[in-house]
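Heads up: the structure comes next, in structure tokens.
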Amino acid sequence: MDSSDVNQKPFVLDKLVELSIIQSTESSNRIEGIYMSDTRIKDLVLKKVVPKNRDEEEILGYQDVLRTIHESFEYIDISSSIILQLHRDLYKFSQKSIGGRFKNTQNYISETKANGSNEILFTPLSPYETPAAIDEICKNYNQAIDDNTINPLILIPTFIHDFLCIHPFNDGNGRMSRLLTTLLLYKLGVFVGRYISLEEKIEKSKNIYYNVLEESGINWHENNENTEPFIKYILGIIIAAYRDFEDRVDIFSSKSSAYEKVQHAVKMKIGKFTKSDIMELCPSISSASIENSLTKLVEENILERHGKGRGTYYVKN
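UniProt numbering puts the sequence shown at residues 1 to 317.
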């Protein structure tokens, strides 16, 4: 990747920022069971249309907090009061009255079994213990950053893991943890999440995400937990995002035709993939041009098309 190409074409980064905000908003909410069409997500995020229901209110709230972090991260301290303010803004478009307030009932991290029963995997702190615990992890994190004896990339997932074990809110803990991850990385000078959605990568590996969370939470209440699995997972997400960033900028910066760029994107895919997957790699190319390029690749016997409509996918020959 030639960084001078990127610097000479700021639209490359602008397009990636726009795409990342949409994907991050979509993926982080989808992890929590909030689903919406791509078109409606874009209307909410880019056109700021009026939300029609609770799901849309929460999606709009997420992108609002994410934009605040993008634009003002250097002025946002890590403190209990700031976390409450961010949570308040997460629900600013919602009719719920829980925004900006710590939980007032005991919550549990549970798993729904195939037979419909629930199994409690982890019991977070009680509502009574929560405010002091958030104060403590913020104080410890800030002190560790000031001391500069532990790599901050180790401190960030440790802080997020503690936050999730405390589970300080009645709702929105997962989304807040991902927003805080982005905030902490930006404050450290790690900006890859501005261009490549970390939330999307977590969504695509969410089974691993939940497994390492559960594993790292063992003996947390006794202050004898092993956070290594969760730390390695978050570091892996960051590394994968940097690799994607390089790949996407390579495609953006080339002087190739739309067809050649789509062909390049296809070469990077493994296994089956969809038109949407190629659009993510080539956001500067119109949907129609990508469709035409994929059709040409099928006609040239480079690709095979399977399925119909929304279920269409491609594999390489």
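C-beta: ideal position from N, C-alpha, C; glycine also.
Since we're looking at a predicted model, the values are computed, not measured.
Assigned exposure category for residue i - 16 Cβ within 10 Å defines buried
| i | result |
| --- | --- |
| GLU199 | buried |
| LEU213 | buried |
| LEU16 | buried |
| ASN173 | buried |
| SER72 | exposed |
| GLN8 | Residue placement at GLN8 is poorly supported in this model, since its pLDDT is 47, which falls under 50; the coordinates still yield a value, given next. Exposed is the call here. |
| ASP14 | exposed |
| HIS87 | buried |
Distance, residue j Cα to residue i Cα
| i | j | result |
| --- | --- | --- |
| ASP135 | PHE245 | 35 Å |
| GLU299 | PRO124 | 56 Å |
| LEU297 | LYS92 | 47 Å |
| ILE239 | TYR75 | 26 Å |
| PRO229 | PRO157 | 10 Å |
| ASP247 | ILE41 | 25 Å |
| TYR62 | ILE237 | 20 Å |
Residue i versus the options, residue with shortest Cα-Cα distance
| i | options | result |
| --- | --- | --- |
| ASP171 | SER97, GLN23 and ILE285 | SER97 |
| ASP250 | SER24, LYS267 and ILE234 | LYS267 |
| GLY33 | LYS232, GLU203 and THR295 | GLU203 |
| ILE137 | THR295, ARG175, GLY61 and ASN223 | ASN223 |
| THR105 | ILE69, ASN118, ILE166 and LEU86 | ILE166 |
| LEU184 | PRO152, LYS206, ASN211 and PRO168 | PRO152 |
| LYS316 | SER289, ILE237, GLN263 and LYS52 | GLN263 |
| TYR313 | PHE169, SER289, LYS275 and GLU111 | LYS275 |
| ARG243 | GLY193, MET279, PHE273 and HIS221 | GLY193 |
| ASN107 | SER94, TYR128 and ASN115 | TYR128 |
Residue i, enclosing beta strand (DSSP E) - first and last residue
| i | result |
| --- | --- |
| ILE109 | 109 to 112 |
| LEU121 | 118 to 122 |
| LYS316 | 313 to 316 |
| LEU303 | 303 to 306 |
For residue i, the first and last residue of its enclosing alpha helix (DSSP H)
| i | result |
| --- | --- |
| PHE163 | 152 to 166 |
| ILE83 | 80 to 90 |
| LEU198 | 198 to 204 |
| HIS264 | 258 to 268 |
| residue 320 | One cannot answer for residue 320 here, as it falls past the ends of the chain, which runs 1 to 317. |
| ASN142 | 130 to 147 |
| GLN277 | In the sequence on display, residue 277 carries Asp and not Gln. That run of the alpha helix (DSSP H) goes 275 to 281. |
| LEU125 | Neither: LEU125 is in no alpha helix (DSSP H) and is coded neither H nor E. |
Contact with chain C by residue i, beta-carbon distance below 8 Å
| i | result |
| --- | --- |
| GLU26 | The displayed structure is made up of one protein chain only, and chain C is not part of it. |
Checklist line | 4-residue-minimum alpha helix (DSSP H) runs that sit fully inside the segment 30 to 74, ordered along the chain | finding: Those alpha helix (DSSP H) runs which fall completely within the segment 30 to 74 and span 4+ residues are 38 to 42 and 54 to 72.
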